[in-house]
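Engineer: Numbering (full-length UniProt numbering), first residue to last: 1 to 514.
1) Residue 307 and residue 280 look like a contact to me (Cβ under 8 angstroms); what is the Cβ gap, rounded to whole Å?
2) Taking 7 angstroms as the cut-off, does the CB of residue 119 come closer than this to any heavy atom belonging to the ligand MG?
3) Taking the straight line between their C-alpha atoms, what separation do you get for residue 122 and residue 29?
4) Give me, in chain order, the residues of the same chain whose beta-carbon lies closer than 7 angstroms to that of residue 334; leave out the 5 immediate sequence neighbours on both sides.
5) From the DSSP output, in three-state form, read off residue 118 for me.
6) Below 8 angstroms, how does it come out for the stretch 122-136 and the stretch 144-159: are there three or more Cβ pairs, yes or no?
7) In this structure, does DSSP put residue 110 in helix, strand or coil?
8) Please specify which runs of the alpha helix (DSSP H), each continuous and at least 4 residues long, are wholly inside the stretch 170-255, giving them in chain order.
9) Counting only the same chain and skipping the five closest in sequence on each side, list residues whose C-beta sits under 8 angstroms from that of residue 389.
10) Of all the alpha helix (DSSP H) runs that stay within the bounds of the stretch 257-338, which reach a length of 4 or more residues?
11) Can you round the beta-carbon distance between residue 198 and residue 72 to whole angstroms, since I take them to be within the 8 angstroms contact cut?
12) In its own chain, which residues sit with a C-beta less than 8 angstroms from the C-beta of residue 119, not counting the 5 before and 5 after it?
13) Just to confirm the assignment: which complete beta strand (DSSP E) runs, minimum length 3, are found wholly within the stretch 23-97?
14) According to DSSP, simplified to helix, strand and coil, what is residue 155?
15) Report the rounded CA-to-CA distance for residue 187 versus residue 250, giving the unit in angstroms.
16) Judging by CA-CA distance, which residue of 480, 200, 158 is the nearest neighbour of residue 216?
17) Below 7 angstroms CB to CB, which residues in the same chain sit around residue 369 once its five sequence neighbours on both sides are set aside?
18) Is it the case that the Cβ atoms of residue 446 and residue 456 are separated by a distance below 8 angstroms?
19) Taking the alpha-carbon of residue 238 as reference, which of 256, 222, 380 has the nearest alpha-carbon?
20) Cutting at 8 angstroms between CB atoms, please list the residues of its own chain near residue 176, excluding the five before and the five after it.
21) Compare the beta carbon distance of residue 480 and residue 412 with 8 angstroms and say whether it is the shorter of the two.
22) Output the distance between the C-alpha atoms of residue 386 and residue 514, rounded to the nearest integer angstrom.
23) When you compare only the Cα positions, how much space is there between residue 261 and residue 39?
24) Excluding the 5 residues preceding and the 5 following residue 393 in the sequence, name in chain order all residues of the same chain whose CB lies nearer than 7 angstroms to its CB.
25) Would you tell me roughly how many angstroms separate the C-alpha atoms of residue 512 and residue 374, rounded to the nearest one?
26) Can you tell me where the beta strand (DSSP E) with residue 375 in it begins and where it stops?
27) Put residue 399 into one of helix, strand or coil per three-state DSSP.
28) By how many angstroms is the C-alpha of residue 76 removed from the C-alpha of residue 87?
29) Would you mind giving the Cβ-Cβ distance between residue 518 and residue 157, rounded to the nearest angstrom? I have them listed as a contact below 8 angstroms.
30) Going by beta-carbon coordinates alone, are residue 108 and residue 44 separated by less than 8 angstroms?
31) Can you tell me the Cβ-Cβ gap for residue 414 and residue 424, rounded? I've got them flagged as a contact below 8 angstroms.
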């Protein structure tokens, strides 16, 4: 007998994303957080393009766009003199396959509130002032003791409780990496009267003397950032922040009262396991980063987005290997992202001329994927059309498109047979998986939780099909209208199966419990 299916510990970006994923699949869960309310600061303010795609699926993207702003260009000073202006990264153009190519600024506090509001809309809730005290597990359940005196019995527990995770500590898993005590930074949110909000302002001659003020879109606040490489630890209050700015910038500005501030050490760590039995880790509980490059919050959201549909699948009777794949897929990604953010941090500490540039495509997290996952299957050599050897053909179009099992499934504008516009991302949205069938040939058998759609070029009379008027879907997926191609898009928007034979796809679906 269980009280709920899943206990989620921690209501930050990872915990809230996971709760939304479970709630929209009808999975009973409890989301508890030790704090008195939502996180109040701006800390992780950059939302990468892949996270924006996730937010579209979760139903919060319009609110995110309304509440935030694009990243402003940089303006650097020596005293009152402007010595540099430019962008951290060139603005990328929207394409049919990539609807949100640029990073978006939204203070973390707003991201958290938007996700919490969305959770409430679909019937979930956050239990604040509810700390996890201890837990134990057996073969069938996890027993979680709360500070309120309640003990919850659940089938799974997920620790999304931050860098100082109670869950991770209790599990005893390795937290590999380093903490650099001498490399500290301060971040503070405060109003600044009379300073233009069209630029991200920097003062100072080097990494040990610099200070920045970044306008926080959708608010009247700026985020102050300053490295503390001399071992000093200013008081994170109004007087301390004002004194630090005056000493670093050498200019007089009308700084207001600090509404949130934090001093933090440079941490570069990740777990050696994401799962121990019925307990799993996600977000900062599994990896902590330098803020350089804006990777931490985004990686946390991706953890939860990967985990949610798999937990729901196993709870509905799916194979255990779905949950096993969570660690196998996310651990290498976390390691790679940690390497990127550490390199950017070190570049900034060294005072490199390009330390503020953010034009590495990997930062957008669009190229991250799971090609080595057991859930990623390519079966392009299967015989089709009666085994005609010519049907195997030449798969250069697939290679040119860059499509592969385990990779991100691209968007494309289509329309239905009545002419109404439909984007592929709109087809993918929701808790289901999707099969896109290009070319002729039989379709896989229909089943619950699986949308199956034929994609055709104009002129093909196929009832219920998606019409690809400009060929963007065919180009994005490397599909030839005259050859069958079956693409299974997982619930998290990655390609699970890529092949030509419906029997191969049916075998895949049976194995992984779709």
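All C-beta atoms in this analysis are idealised placements derived from N, C-alpha and C, irrespective of residue type, glycine included.
Given the structure is predicted, the values throughout are model-derived calculations rather than measurements.
Structural biologist: For this structure:
1) Indexing the chain shown from 1 puts residue 307 at position 307. Indexing the chain shown from 1 puts residue 280 at position 280. Between residue 307 and residue 280 the beta-carbon gap is near 7 angstroms, inside 8 angstroms, which marks them as a contact.
2) Of ligands this structure carries none, so the ligand MG is not represented either.
3) What you label residue 122 is simply residue 122 of the chain shown in a count that begins at 1. What you label residue 29 is simply residue 29 of the chain shown in a count that begins at 1. Cα to Cα, residue 122 sits roughly 13 angstroms from residue 29.
4) Position 334 of the chain shown, counted from the first residue, corresponds to residue 334. Excluding sequence neighbours, residue 334 sits near 270, 286, 287, 299.
5) In the chain shown, the residue the question calls residue 118 occupies position 118. Helix, per DSSP.
6) Under the 8 angstroms Cβ criterion, the stretch 122-136 counts as touching the stretch 144-159, having at least three qualifying pairs.
7) Your numbering for residue 110 matches position 110 in the chain shown. Looking at residue 110 - three-state DSSP - the assignment turns out to be helix.
8) Counting whole runs of 4 or more residues, the stretch 170-255 contains the alpha helix (DSSP H) stretches 238-249.
9) For the purposes of this step, residue 389 is taken as the residue at position 389 of the chain shown. Residue confidence is low: residue 389 scores 40 on pLDDT, short of 50, so the model does not pin down where it sits. Its coordinate-derived value is still stated next. Result list for residue 389: empty, nothing under 8 angstroms.
10) 296-315
11) One-based indexing of the chain shown puts residue 198 at position 198. One-based indexing of the chain shown puts residue 72 at position 72. Sure, about 6 angstroms apart at Cβ, within 8 angstroms.
12) Locating residue 119 in the chain shown gives position 119, counting from the first residue. Only 16, 19, 20, 23, 31, 125, 126 meet the Cβ criterion.
13) If we require 3 residues or more, the beta strand (DSSP E) runs fully inside the stretch 23-97 come out as 29-32, 74-78, 81-86.
14) By 1-based counting over the chain shown, the position of residue 155 is 155. Of the three classes helix, strand and coil, the one that applies to residue 155 here is strand, per DSSP.
15) Position 187 of the chain shown, counted from the first residue, corresponds to residue 187. Position 250 of the chain shown, counted from the first residue, corresponds to residue 250. Answer to the nearest angstrom: the Cα atoms are 19 angstroms apart.
16) Position 216 of the chain shown, counted from the start, is the residue given in the question as residue 216. That would be 200, whose Cα lies nearest to the Cα of residue 216.
17) On the chain shown, position 369 is the one that residue 369 refers to. These residues qualify, in order along the chain: 406, 407, 408, 494.
18) Reading the chain shown from its first residue, position 446 is the one you call residue 446. Reading the chain shown from its first residue, position 456 is the one you call residue 456. No, Cβ-Cβ distance for residue 446 and residue 456 is not below 8 angstroms.
19) By 1-based counting over the chain shown, the position of residue 238 is 238. When only C-alpha atoms are compared, the closest one is 256.
20) Taking the chain shown and counting its residues from 1, one reaches residue 176 at position 176. Excluding residues within five positions, the ones whose Cβ falls inside 8 angstroms are 269, 270, 271, 272.
21) By 1-based counting over the chain shown, the position of residue 480 is 480. By 1-based counting over the chain shown, the position of residue 412 is 412. Against a cut-off of 8 angstroms, the Cβ pair of residue 412 and residue 480 comes out as no contact.
22) Position 386 of the chain shown, counting from 1, holds the residue named residue 386. Position 514 of the chain shown, counting from 1, holds the residue named residue 514. Unreliable placement is indicated for residue 386, whose pLDDT of 40 sits below 50; no coordinate value is reported for it.
23) Counted from its first residue, the chain shown places residue 261 at position 261. Counted from its first residue, the chain shown places residue 39 at position 39. Going by the C-alpha atoms only, they are around 12 angstroms apart.
24) Stepping through the chain shown from its first residue, residue 393 is reached at position 393. Unreliable placement is indicated for residue 393, whose pLDDT of 48 sits below 50; the coordinate value is still reported in the next sentence. The answer, listed in chain order, is 483.
25) Taking the chain shown and counting its residues from 1, the one referred to as residue 512 is at position 512. Taking the chain shown and counting its residues from 1, the one referred to as residue 374 is at position 374. Computed Cα separation, rounded: 10 angstroms.
26) The residue given as residue 375 occupies position 375 in the chain shown. From DSSP, residue 375 is part of no beta strand (DSSP E); its letter is neither H nor E.
27) Taking the first residue of the chain shown as position 1, residue 399 is located at position 399. Correct three-state label for residue 399: helix.
28) Here residue 87 refers to the residue found at position 87 when the chain shown is read from its first residue. Here residue 76 refers to the residue found at position 76 when the chain shown is read from its first residue. So the alpha carbons of these two residues sit roughly 11 angstroms apart.
29) In the structure as shown, the chain starts at 1 and stops at 514, and residue 518 therefore has no counterpart that could be examined.
30) Within the chain shown, residue 108 is the residue found at index 108, counting from 1. Within the chain shown, residue 44 is the residue found at index 44, counting from 1. The Cβ atoms of residue 108 and residue 44 lie closer than 8 angstroms to each other.
31) Sequence index remark: in the chain shown, residue 414 carries index 414 (1-based). Sequence index remark: in the chain shown, residue 424 carries index 424 (1-based). With a contact defined as Cβ atoms closer than 8 angstroms, residue 414 and residue 424 qualify at about 7 angstroms.
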